[in-house]
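Colleague: Under numbering that gives the first Met the number 0, the first residue of the sequence shown carries the number 0, and numbering increases by one thereafter.
Ideal Cβ placement from N, Cα and C applies to all residues, glycine included.
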Amino acid sequence: MEGNGLVAGLDQARTYAGAIDCDLHPAVPGMGVLLPYLDDYWREMVSVRALDRLNLSLTSYPQNSPLSCRPDWLLPGGAKAGSSLEAMQDHVLDRFRPRYGILNCLYGAQVLHSEDMAAAFCRATNDWIRDHWLNRDPRLRASIVIPSHNAELAVAEIDRRADDFRFVQVLMLVSGETTLGRRHLWPIYERAERLGLTIGIHAGSAYRYAPTAVGWPSYYVEDYVAQSAAFESQLQSLISEGVFAKFPGLKVVAIESGLTWLSGFIWRADKTWIGVRAEVPWVTRTPSEIIRNNVRFTVQPVDAADDGEAIMRLADHIKSDELFLFSTDYPHWHFDGDAVLSGRLPDALFRKIASENAIAAYSRLATADQIMEVVP
0 MEGNGLVAGL DQARTYAGAI DCDLHPAVPG MGVLLPYLDD YWREMVSVRA
50 LDRLNLSLTS YPQNSPLSCR PDWLLPGGAK AGSSLEAMQD HVLDRFRPRY
100 GILNCLYGAQ VLHSEDMAAA FCRATNDWIR DHWLNRDPRL RASIVIPSHN
150 AELAVAEIDR RADDFRFVQV LMLVSGETTL GRRHLWPIYE RAERLGLTIG
200 IHAGSAYRYA PTAVGWPSYY VEDYVAQSAA FESQLQSLIS EGVFAKFPGL
250 KVVAIESGLT WLSGFIWRAD KTWIGVRAEV PWVTRTPSEI IRNNVRFTVQ
300 PVDAADDGEA IMRLADHIKS DELFLFSTDY PHWHFDGDAV LSGRLPDALF
350 RKIASENAIA AYSRLATADQ IMEVVP
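#1: Assuming Q168 and T197 make a contact with CB atoms under 8 Å, what is their CB distance in whole Å?
#2: Buried or exposed, going by whether 16 or more other CB atoms sit within 10 Å of the CB of V213?
#3: What number of angstroms, rounded off, separates the C-alpha of G4 from the C-alpha of A347?
#4: Can you check DSSP and say which residues form a bridge with V252?
#5: Look at V91 and A205 and say whether their C-beta atoms are less than 8 Å apart.
#6: Any idea which residues DSSP pairs T323 with across the strands?
#7: What does S204 pair with, by DSSP beta-bridge criteria?
#8: Hey, how far is the Cα of D130 from the Cα of A268?
#9: Report all residues from its chain with a CB closer than 6 Å to the CB of A253; omit the five preceding and five following residues, and keep chain order.
#10: Once you ignore the five residues that flank S262 on each side, which residues in its own chain have a CB closer than 8 Å to its CB?
#11: Hey, R98 and S354 are a contact pair by Cβ (cut 8 Å); roughly how many whole angstroms apart?
#12: S239 by DSSP, collapsed to three states: which one?
#13: Give me the Cα-Cα distance between A277 and T283, rounded to the nearest whole angstrom.
#14: Name the DSSP bridge partner or partners of S142?
#15: On the DSSP letters alone, give me the boundaries of the alpha helix (DSSP H) that D126 sits inside.
#16: Roughly how many angstroms lie between the CA atoms of Y15 and R96, to the nearest whole one?
#17: Would Y106 and V154 be called neighbours here (beta carbons separated by less than 8 Å)?
#18: Taking DSSP as the reference, what is the three-state secondary structure of Y106?
#19: For the alpha helix (DSSP H) containing I358, list its first residue and its last residue.
#20: Kindly indicate which three-state DSSP category D163 falls into: helix, strand or coil?
#21: A18 to R207, Cα distance in whole Å?
#22: So D39 is in the alpha helix (DSSP H); what residue range does that whole segment cover?
#23: On the DSSP bridge assignment, give the partners of G214 in chain order.
#24: Return yes when the Cβ of A141 is within less than 8 Å of the Cβ of I101, no when it is not.
#25: Keeping to the same chain, check which residues put their C-beta closer than 8 Å to that of L33; ignore five residues upstream and five downstream.
#26: Give me whichever residues DSSP pairs with D20 in a beta bridge.
#27: State the Cα-Cα distance for the pair V301 and D328, rounded to the nearest angstrom.
#28: Count the other CB atoms, across all protein chains shown, that sit within 10 Å of the CB of S217; report buried if there are 16 or more and exposed otherwise.
#29: Determine the closest residue to P137 out of R165, I145, R69, I143, with distance taken between C-alpha atoms.
#30: What first and last residue would you give for the alpha helix (DSSP H) that runs through E308?
#31: What number of angstroms, rounded off, separates the C-alpha of G248 from the C-alpha of P186?
#32: With a threshold of 7 Å on Cβ separation, who are the neighbours of A80 within its own chain once the five nearest residues in sequence on each side are excluded?
#33: For Y329, list the residues DSSP reports as bridge partners.
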């Protein structure tokens, strides 16, 4: 990187060489690709229950919504956006040349009401990601998809994937059955901290309850805008319940949370904590300090007219330039083309966002490098 950060036109893609793309979305094209990874019982259930006819894509990203895919990243023949490794390589990996790209598979396996079925399909999804994505491109890393509504089964799946250091994160949705700080979920965080896995909380919902605090919306735009409020609630839950006091080494990444809400949230959280901290004596640091130490945010989508100005203002308000992580959000609409990050960012801040912050947030990235160096 040289000059003042980014350069104009197609040359902008080159400035991301060596970056860490923290949010790529591989799509499960259909139930058929998971069948080889299911045991005999669940393969029979797919047939008996006609599950092979279902589209288990999360409704947070409806397939026909323009938000679900940029027009220039659509696949031929009506194939599901994000389902082709070759297209991802062409559109992102070969074009922007990131050092690593982290796969976050958003799929209905995570939210099936049957906990046993959810666990089976999460296992199959993770195995499919390993074989058809990680094994075919050394630049890729992945999140472990878990049935987070059952901590015991979730921990079992984390343990099953623990020895593969290409899995660098545990993926959860921001809206589910409960606030994420609750104690019954702590075994997930304990295992993640112990194994050096980051917790990724992605926009989306299990739709067990209304996605807004005042009931069900009429339109998708209401659901979409409400996602940032869900992130505020979950972040406050993690802090207040004492997750970061119990697991001080845990790193959490908010993915597709937006950013502009963060400054006001931190101010209000600090102010309120000062007044009522006797209620939560285990929270011995201000919420802003906890966020600076333990929480990171992907930069796509930047919910501001001028992303560069917004990021610099937030870094100033929060008193940290370590909170933001580069992402393209492939293949979703939010990605801003070649100008992913504003050219107004100073070089030092650009480098931190592009790669340095991610290396610090995902300890397994460095560990995987070390392992690969010693393996012939």
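Modeller: Concretely, from the data shown:
#1: Residue 168 sits at position 169 when you count from the first residue of the sequence shown. Residue 197 sits at position 198 when you count from the first residue of the sequence shown. Sure, about 5 Å apart at Cβ, within 8 Å.
#2: As a working mapping, residue 213 is identified with position 214 in the sequence shown. Within 10 angstroms of the beta-carbon of V213 lie fewer than 16 other beta-carbons, which makes it exposed.
#3: The residue given as residue 4 occupies position 5 in the sequence shown. The residue given as residue 347 occupies position 348 in the sequence shown. Reliability of the predicted coordinates at G4 is poor, the pLDDT of 34 falling under 50, and no value is obtained from them.
#4: By 1-based counting over the sequence shown, the position of residue 252 is 253. Residue pairing by DSSP places V252 opposite G199, R295 in a beta bridge.
#5: Position 92 of the sequence shown holds residue 91. Position 206 of the sequence shown holds residue 205. Cβ atoms of V91 and A205: not closer than 8 Å.
#6: Taking the sequence shown and counting its residues from 1, the one referred to as residue 323 is at position 324. According to the sequence displayed, residue 323 carries Phe and not Thr. The partner list for F323 (beta bridge, DSSP) reads F296.
#7: In the sequence shown, counting from the first residue as 1, residue 204 sits at position 205. S204 is bridged to S174.
#8: Taking the sequence shown and counting its residues from 1, the one referred to as residue 130 is at position 131. Taking the sequence shown and counting its residues from 1, the one referred to as residue 268 is at position 269. Distance between the alpha carbons of D130 and A268: 43 Å.
#9: Translated into the one-based positions of the sequence shown, residue 253 becomes position 254. So the qualifying residues of the chain are I200, F230, F296.
#10: Position 263 of the sequence shown holds residue 262. If we look at S262 and ignore the five residues flanking it on each side, its Cβ neighbours are R312, L313, H316, I317.
#11: Here residue 98 refers to the residue found at position 99 when the sequence shown is read from its first residue. Here residue 354 refers to the residue found at position 355 when the sequence shown is read from its first residue. In this structure, R98 and S354 form a Cβ contact; the two beta carbons are roughly 7 Å apart against a cut-off of 8 Å.
#12: Here residue 239 corresponds to residue number 240 of the sequence shown, with the count starting at 1. Helix, per DSSP.
#13: As a working mapping, residue 277 is identified with position 278 in the sequence shown. As a working mapping, residue 283 is identified with position 284 in the sequence shown. A277 and T283: Cα-Cα distance of roughly 10 Å.
#14: Along the sequence shown, one-based indexing puts residue 142 at 143. Partner(s): Q168.
#15: Counting from 1 along the sequence shown, the entry for residue 126 is found at position 127. 114-131 is the span of the alpha helix (DSSP H), which, as asked, contains D126.
#16: As a working note, residue 15 is residue 16 in the sequence shown. As a working note, residue 96 is residue 97 in the sequence shown. In a straight line, the C-alpha of Y15 is about 7 Å away from that of R96.
#17: For this step, residue 106 is matched to residue 107 along the sequence shown. For this step, residue 154 is matched to residue 155 along the sequence shown. No, they are not a contact pair.
#18: Along the sequence shown, one-based indexing puts residue 106 at 107. Y106: coil per DSSP, three-state reduction.
#19: Taking the first residue of the sequence shown as position 1, residue 358 is located at position 359. From DSSP, the alpha helix (DSSP H) with I358 extends over 356-360.
#20: Within the sequence shown, the letter at position 164 stands for residue 163. Coil, per DSSP.
#21: Here residue 18 corresponds to residue number 19 of the sequence shown, with the count starting at 1. Here residue 207 corresponds to residue number 208 of the sequence shown, with the count starting at 1. Each residue's Cα considered, the two are about 37 Å apart.
#22: In the sequence shown, residue 39 corresponds to position 40, counting from 1. Segment 39-47, the alpha helix (DSSP H) holding D39.
#23: Translated into positions along the sequence shown, residue 214 becomes position 215. In the DSSP output, where bridge partners are listed per residue, G214 has T211.
#24: Position 102 of the sequence shown, counted from the first residue, corresponds to residue 101. Position 142 of the sequence shown, counted from the first residue, corresponds to residue 141. Yes, these two residues count as a Cβ contact at 8 Å.
#25: Looking up residue 33 in the sequence shown gives position 34. So the qualifying residues of the chain are V27, F120, A123, T124, W127.
#26: Position 21 of the sequence shown, counted from the start, is the residue given in the question as residue 20. Per DSSP, G100.
#27: Taking the first residue of the sequence shown as position 1, residue 301 is located at position 302. Taking the first residue of the sequence shown as position 1, residue 328 is located at position 329. Near 11 Å, if we compare the C-alpha coordinates of D328 and V301.
#28: Here residue 217 is taken as the residue at index 218 of the sequence shown, counted from 1. So S217 ends up on the exposed side.
#29: By 1-based counting over the sequence shown, the position of residue 137 is 138. Considering only alpha carbons, the answer is R165.
#30: Looking up residue 308 in the sequence shown gives position 309. Start and end: 306-317.
#31: Sequence index remark: in the sequence shown, residue 248 carries index 249 (1-based). Sequence index remark: in the sequence shown, residue 186 carries index 187 (1-based). G248 and P186: Cα-Cα distance of roughly 14 Å.
#32: In the sequence shown, residue 80 corresponds to position 81, counting from 1. Here the set comprises A26, S67, C68, W72, L73, L74, P330.
#33: By one-based count along the sequence shown, residue 329 stands at place 330. Answer by DSSP bridge pairing, in chain order: L23.
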